[in-house]
Amino acid sequence: MMKTDRTGQKFGKLTIIKDSPNSQILCRCDCGVEELFPRTITKPTYKGRLMCSYCKGGICEVCGSRIKYKSGRISATCSEKCAKIRNSEKEKKRYHSIKHTEEFKNTRASYLTKLRDRLNSDPALLSVFRERARLTLKKCRSSESQIKKEHFNAKKRWQQIKNDSALHEQSILYSRKQYDTYTDDDYKRIFKRERTHTRKRKSRSCSE
């Protein structure tokens with residue numbers, strides 16, 4: 014008995030683009046992704062997803078990229094790197110919410126006392142602790158030195174641009190075009206303040 018050709022029929026967000034007598038058929042999601050799905054999606058008793066794995070997976074909360082759904086698990090991030098960033102941000106929020114509470118202050122004071130007593134009673138552990146602190150401080154100072162070096166190089170490049178009138182004018186025009194693309198939210202995020210004039214006025218001044 015020939016099976017009904019369901020090419021072109023739509024189920025949920027899926028449109029069948031290639032029917033076959035096999036157990037799986039090729040479907041295209043509304044977002045454009047093509048995937049194989051079980052032929053049973055055409056039955057009313059089907060309880061599985063009626064969208065592609067990316068629509069089911071959602072959007073990464075950190076980088077905004079699409080997440081591919083894996084059977085039985087929906088993740089908030091697309092990679093281990095993004096997961097670490099998300100967990101770090103959550104921990105920062107938790108810390109800032111409790112750092113001024115008496116319970117946290119008492120717990121921290123108790124921990125520091127125990128740590129100090131343990132370090133004083135164990136010279137080997139104290140040596141390891143100091144070495145780790147030394148390496149951490151060295152890393153921080155190295156990072157600060159790199160930032161200062163980058164700032165110095167940036168100032169040096171800007172001075173070279175200012176000394177060349179043609180290059181300086183080109184840089185100003187580019188900056189104005191870039192500035193025009195900022196929304197009010199972008200402006201506040203970058204410059205840490207509200208926009209003090211309208212974009213229309215700014216665009217008019219740029220054209221002049």
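Positions 14 to 221 (this note's numbering) are the ones given, in order, by the sequence shown.
Where a beta carbon is used, it is the ideal one built from N, C-alpha and C, also for glycine.
Who are residue i's beta bridge partners in DSSP?
| i | result |
| --- | --- |
| Q37 | P51 |
| C44 | The partner list for C44 (beta bridge, DSSP) is empty, contrary to what the question assumes. |
| T28 | K23 and R41 |
| R86 | K83 |
| I224 | A query on residue 224 cannot be resolved here, the shown segment of the chain reaching from 14 to 221 and no further. |
Rounded to whole angstroms, what is the Cα-Cα separation between residue i and residue j?
| i | j | result |
| --- | --- | --- |
| T53 | C42 | 16 Å |
| R202 | E102 | 17 Å |
| L49 | Q37 | 6 Å |
| G77 | C65 | 18 Å |
| L139 | N133 | 7 Å |
| D18 | S33 | 8 Å |
| L148 | Y108 | 25 Å |
| S242 | Q191 | Because the chain is modelled from 14 through 221, residue 242 falls outside the range shown and cannot be assessed. |
| N35 | E93 | 37 Å |
| T20 | T28 | 8 Å |
| I111 | F117 | 6 Å |
| E104 | R143 | 26 Å |
| N166 | R208 | 29 Å |
| S218 | T194 | With a pLDDT of only 43 at S218, under 50, the local geometry of the prediction cannot be trusted, and no value is derived from it. |
| G25 | Q159 | 53 Å |
| L63 | Y82 | 13 Å |
| Y200 | R206 | 7 Å |
| D135 | S156 | 32 Å |
| R170 | D198 | 29 Å |
Start and end of the alpha helix (DSSP H) containing residue i?
| i | result |
| --- | --- |
| L180 | S178 to D193 |
| E232 | The structure shown does not extend to residue 232, since the chain is modelled only from 14 to 221, so the question has no answer here. |
| Y124 | E115 to S134 |
| K201 | D197 to F204 |
Is residue i buried or exposed, if buried means 16 or more other CB atoms sit within 10 Å of its CB?
| i | result |
| --- | --- |
| I80 | buried |
| I30 | exposed |
| Q172 | exposed |
| C153 | exposed |
| L128 | exposed |
| L186 | exposed |
| C44 | exposed |
Are the C-beta atoms of residue i and some chain C residue less than 9 Å apart?
| i | result |
| --- | --- |
| S188 | No chain C appears in the structure shown, which is made up of a single protein chain. |
Three CB pairs or more closer than 8 Å across the stretch 87 to 102 and the stretch 67 to 75: These segments touch.
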